[in-house]
Amino acid sequence: MADRDLERRVVGPGFHAQVYAVVREVPRGHVTTYGDVATLLGSPRVARHVGWALAALGEGDADVPWHRVINSRGTISYRGDTLRGVQQTTMLAAEGIRLDERGRVVDFAARRWPYPSRVIG
DNA sequence: CGGCTGACGACCT
DNA sequence: GAGGTCGCCAGCC
Numbered sequence: 001m002a003d004r005d006l007e008r009r010v011v012g013p014g015f016h017a018q019v020y021a022v023v024r025e026v027p028r029g030h031v032t033t034y035g036d037v038a039t040l041l042g043s044p045r046v047a048r049h050v051g052w053a054l055a056a057l058g059e060g061d062a063d064v065p066w067h068r069v070i071n072s073r074g075t076i077s078y079r080g081d082t083l084r085g086v087q088q089t090t091m092l093a094a095e096g097i098r099l100d101e102r103g104r105v106v107d108f109a110a111r112r113w114p115y116p117s118r119v120i121g
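Each residue of the first sequence is one higher than the one before, starting from 1 at the first, in my numbering.
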C-alpha cells in the first residue's frame with residue numbers, strides 16, 4: 001500500500017458504509033477480496049467484518065456489487081449459504097468471470113482489482 | 001456490561 | 001493439498 005491516506009483507521013463508526021464505499025468502486029469484470037477491502041480500510045485484520053457487512057446488505061444497497069468480493073484463495077465463500085453462492089457465481093459469469101471445476105476464479109490474479117488510491121477520500 | 005457470532009486470513013502440522 | 005488453530009472486532013442478544 002503506497003498511499004498513506006488509505007491507512008487511516010476507519011474501523012469504528014460507519015464501518016459498513018466504508019465497506020460499501022470501497023466495494024462500489026470495484027469495476028465490472030473485476031474481483032477483489034475481503035482482505036483487500038479490509039486493507040483499504042486500514043485494518044488488514046478485519047476481513048471477517050467485510051463479509052459480515054456485506055451480509056447485512058439490503059435491497060436499498062443494490063448498487064453495491066457484493067458479488068465481486070471473494071476470499072483470498074480466489075473462491076466464493078458460501079459459509080453454508082449455497083443459494084447465495086450460486087447467485088454470486090451467476091452474477092460473476094454475467095461479467096465474464098468464470099469459475100473452474102474447483103470453484104476458483106479463472107485467471108484470478110489478472111482479474112483482481114488493483115484498487116486505485118482514489119477510492120477513499 | 002459480558003458473551004457469542006461470523007460472506008476471513010495467516011500460519012502451522 | 002487438506003485439515004485445524006488462533007486472531008480479529010463491530011453488532012446483536
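We put the CB at the ideal spot given by N, CA and C, even for glycine.
Given the structure is predicted, the values throughout are model-derived calculations rather than measurements.
Beta-carbon proximity check, residue i vs residue j, cutoff 8 Å
{"i": "R98", "j": "V86", "result": "no"}
{"i": "L54", "j": "V69", "result": "yes"}
{"i": "N71", "j": "Y34", "result": "yes"}
{"i": "G60", "j": "F108", "result": "no"}
{"i": "L41", "j": "V22", "result": "yes"}
Residue nearest to residue i in terms of C-alpha spacing, selected from the options
{"i": "Y115", "options": "P27, G58, T82 and P65", "result": "P27"}
{"i": "A47", "options": "G60, S77, A93 and T90", "result": "S77"}
{"i": "G96", "options": "R79, H67 and L40", "result": "H67"}
{"i": "E101", "options": "R84, A110 and T89", "result": "T89"}
Cβ-Cβ separation, residue j to residue i (assumed contact under 8 Å), whole Å
{"i": "V50", "j": "L57", "result": "Actually they do not touch by this definition, with Cβ atoms about 12 Å apart."}
With a floor of 3 residues, list each beta strand (DSSP E) that falls wholly inside the stretch 22-105, ordered by position along the chain. Runs of the beta strand (DSSP E) inside the stretch 22-105: none found.
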